[in-house]
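Peer 1:
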Ligand code: HEM
């Protein structure tokens, strides 16, 4: 059987591209403009309309994300694009307005709360197993399955149990918004000039207002009714309070942050799972070992929150999938002050990018970086923290990281314990990044019940 020696990857550019070439390449796949040298050098700088730098040096990244956060706020353009949909929420806000929201929202994602929400993840995993079993023996696009499964989760942990709220239409509206926003955003990240042709209006003001109104009604109804059983993210946000200022979120702030959780948490987790499934079908030895662990721990039942700590190999597969195919492939900042990073002058207004994708494949930081080897995560202490940043770092680190990891382990372990997955020949996905890093073409696998 023919099998490529390495899992799929993006051929990074080896020669400087002209502006027009960069533009047309970037429109299709932003990863294709990351130069090959970004996997060998600590910093790569250039000018494409505006000055930009890609930083791969762990010490310099620590400066940007941890020690000098105020000097390196998130890039404005991407934020402006998302703002009409998700407001000045946790993901977007800076300074004091970000700080109080982060303090108020932090307890929502405490270990205890995330664990309390795990039955919702288990139930979604069981529904995924049922759907895949029904589809057999046909091949299944695991990307679509995982998008459905993680949407089941995020839908049930945000606007759960609300009959009047049409979460599917909000979901579709948000997904559409994000994919359109991404198409514009990537040009601006690199500071391309203004004459670049732009896609039309993302979403009419009326459609946005309608979506927000629906969400507001759901928030108000819940505030009046109170929690019903285990508190979900909406209940927890409504109850949240900044311990310093005692400030609580009003309806619009709760709504913006809930929509943010849907935007930031749903597709990213689905993509991580889809890539993980691609990888286990690529390497059947890893798959067999993972199934062995899942079956030994689960004994025929679906995975629950308390099982997660007993499934270290499944966790290692998720960690490795996030290294090779980080859903957030590039994070971007705008420098506010003069600075020097890796001997390179940084000027106010420069775009400073951390290409998480290139960092995870950097030759100085990883042994055999293009190979799938979950064992590298067997001892987390051997991993340089600033060489592995699928969730970012510093104060703006992903607030939902442990939620996402728990969800991914529960779903992957449950699926592996029930099926043997085989890749469909000739249907390799292509890693393509617009805002997130997607397996273009889908992850087509056959699933044989075991
Ligand atoms: C595998 C799944 C996920 C990945 C790879 C991911 C990745 C990231 C990254 C890289 C950032 C930092 C962005 C930057 O610094 O520019 C971030 C921030 C954020 N993420 Fe996630 N994320 C995931 C899942 C989630 C989930 C499940 C939620 C919520 C339910 C979530 C909510 C957020 C929020 C609110 C922020 C902004 C935090 C702040 O600025 O204070 N994410 N995420």
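Numbering (this note's numbering), first residue to last: 25 to 474.
Glycine is no exception: its CB is placed at the ideal position from the N, C-alpha and C atoms.
1) CB residue 316 to CB residue 350, shorter than 8 Å?
2) Bridge partners for residue 363 per DSSP, in chain order?
3) Need the endpoints of the beta strand (DSSP E) that residue 76 sits in, please.
4) Give a yes or no on contact between the region 191–202 and the region 314–333, applying the rule of three or more CB pairs nearer than 8 Å.
5) Report yes if the C-beta distance between residue 394 and residue 30 is below 8 Å; otherwise report no.
6) Exposed or buried, what is residue 113 when buried is set at 16 or more other beta-carbons lying within 10 Å of its beta-carbon?
7) Skipping 5 residues on each side, what residues in its chain have a beta carbon closer than 7 Å to that of residue 293?
8) Within 10 angstroms of the Cβ of residue 279, are there 16 or more other Cβ atoms? Answer buried if so, exposed if not.
9) Give every residue of the same chain whose Cβ lies closer than 6 Å to the Cβ of residue 64, excluding the five residues on either side of it in the sequence, and list them in chain order.
10) Going straight from the alpha carbon of residue 95 to that of residue 434, what length do you get?
11) Alpha carbons only, please: which of 78, 34, 35 and 61 is nearest the one belonging to residue 375?
12) Along the chain, where does the alpha helix (DSSP H) containing residue 460 start, and where does it finish?
13) Are the region 456–474 and the region 159–174 touching, with three or more C-beta to C-beta distances below 8 Å?
14) Report back the beta-carbon spacing between residue 457 and residue 289 to the nearest angstrom; my notes put them in contact at under 8 Å.
15) Just the C-alpha distance for residue 287 and residue 109, rounded to the nearest angstrom, thanks.
16) For residue 151, I'd like the list of residues in its chain whose CB is within less than 8 Å of its CB, leaving aside the five on either flank, ordered along the chain.
17) What is the rounded straight-line gap between the Cα of residue 408 and the Cα of residue 85?
18) Given a threshold of 16 other Cβ atoms within 10 Å of its Cβ, counted over all protein chains shown, does residue 148 qualify as buried or as exposed?
19) Can you give, in chain order, each stretch of the alpha helix (DSSP H) that sits fully within the region 286–319 and has at least 4 residues?
20) Identify the continuous beta strand (DSSP E) that holds residue 451 and give its terminal residues.
21) Let's test the definition: count the other Cβ atoms within 10 Å of the Cβ of residue 402 and tell me whether it reaches 16, buried, or not, exposed.
22) Along the chain, where does the alpha helix (DSSP H) that runs through residue 171 open and close?
23) Using a Cβ distance threshold of 8 Å, determine whether the region 304–314 contacts the region 134–144, with at least three qualifying pairs required.
24) Give every residue of the same chain whose Cβ lies closer than 8 Å to the Cβ of residue 382, excluding the five residues on either side of it in the sequence, and list them in chain order.
25) Can you give the Cα-Cα distance for residue 200 and residue 232, rounded to whole angstroms?
Peer 2: On the basis of the supplied data:
1) Their beta carbons are not under 8 Å apart, which means residue 316 does not touch residue 350 by this criterion.
2) Per DSSP, 370.
3) Residues 74–79.
4) Because the criterion of three Cβ pairs below 8 Å is not met, the region 191–202 and the region 314–333 do not touch.
5) Taking 8 Å as the Cβ cut-off, residue 394 and residue 30 qualify as a contacting pair.
6) Burial of residue 113 is indicated by the presence of at least 16 other C-beta atoms within 10 angstroms of its C-beta.
7) Closer than 7 Å at the Cβ level, and outside the excluded window around residue 293, lie 174, 428, 431 and 432.
8) Per the 10 Å Cβ criterion, buried.
9) The answer, listed in chain order, is 387.
10) The alpha-carbon of residue 95 is positioned some 39 Å away from that of residue 434.
11) Distance check between residue 375 and each of 78, 34, 35 and 61 places 78 closest, using alpha-carbon atoms only.
12) If you look at residue 460, you'll find it isn't in any alpha helix (DSSP H); DSSP assigns it neither H nor E.
13) Judged by Cβ distances under 8 Å, the region 456–474 makes contact with the region 159–174, as three or more pairs qualify.
14) No, residue 457 and residue 289 are not in contact; Cβ-Cβ is about 18 Å, not under 8 Å.
15) Straight through space, the alpha carbons of residue 109 and residue 287 are spaced by roughly 10 Å.
16) If we look at residue 151 and ignore the five residues flanking it on each side, its Cβ neighbours are 173 and 176.
17) The straight-line gap from Cα to Cα measures roughly 12 Å.
18) Buried, since its Cβ has 16 or more Cβ neighbours within 10 Å.
19) Fully enclosed alpha helix (DSSP H) runs of 4 or longer: not present.
20) Here residue 451 belongs to no beta strand (DSSP E), and DSSP marks it neither H nor E.
21) Classification of residue 402: exposed, given that the 10 Å Cβ count is below 16.
22) 166–181 is the extent of the alpha helix (DSSP H) around residue 171.
23) The region 304–314 and the region 134–144 do not touch, with fewer than 3 CB-CB distances between them shorter than 8 Å.
24) Beyond the five residues adjoining it in sequence on each side, residue 382 comes within less than 8 Å, by CB distance, of 36, 58, 62, 63, 78 and 80 in the same chain, given in chain order.
25) Each residue's alpha carbon lies about 11 Å from the other.
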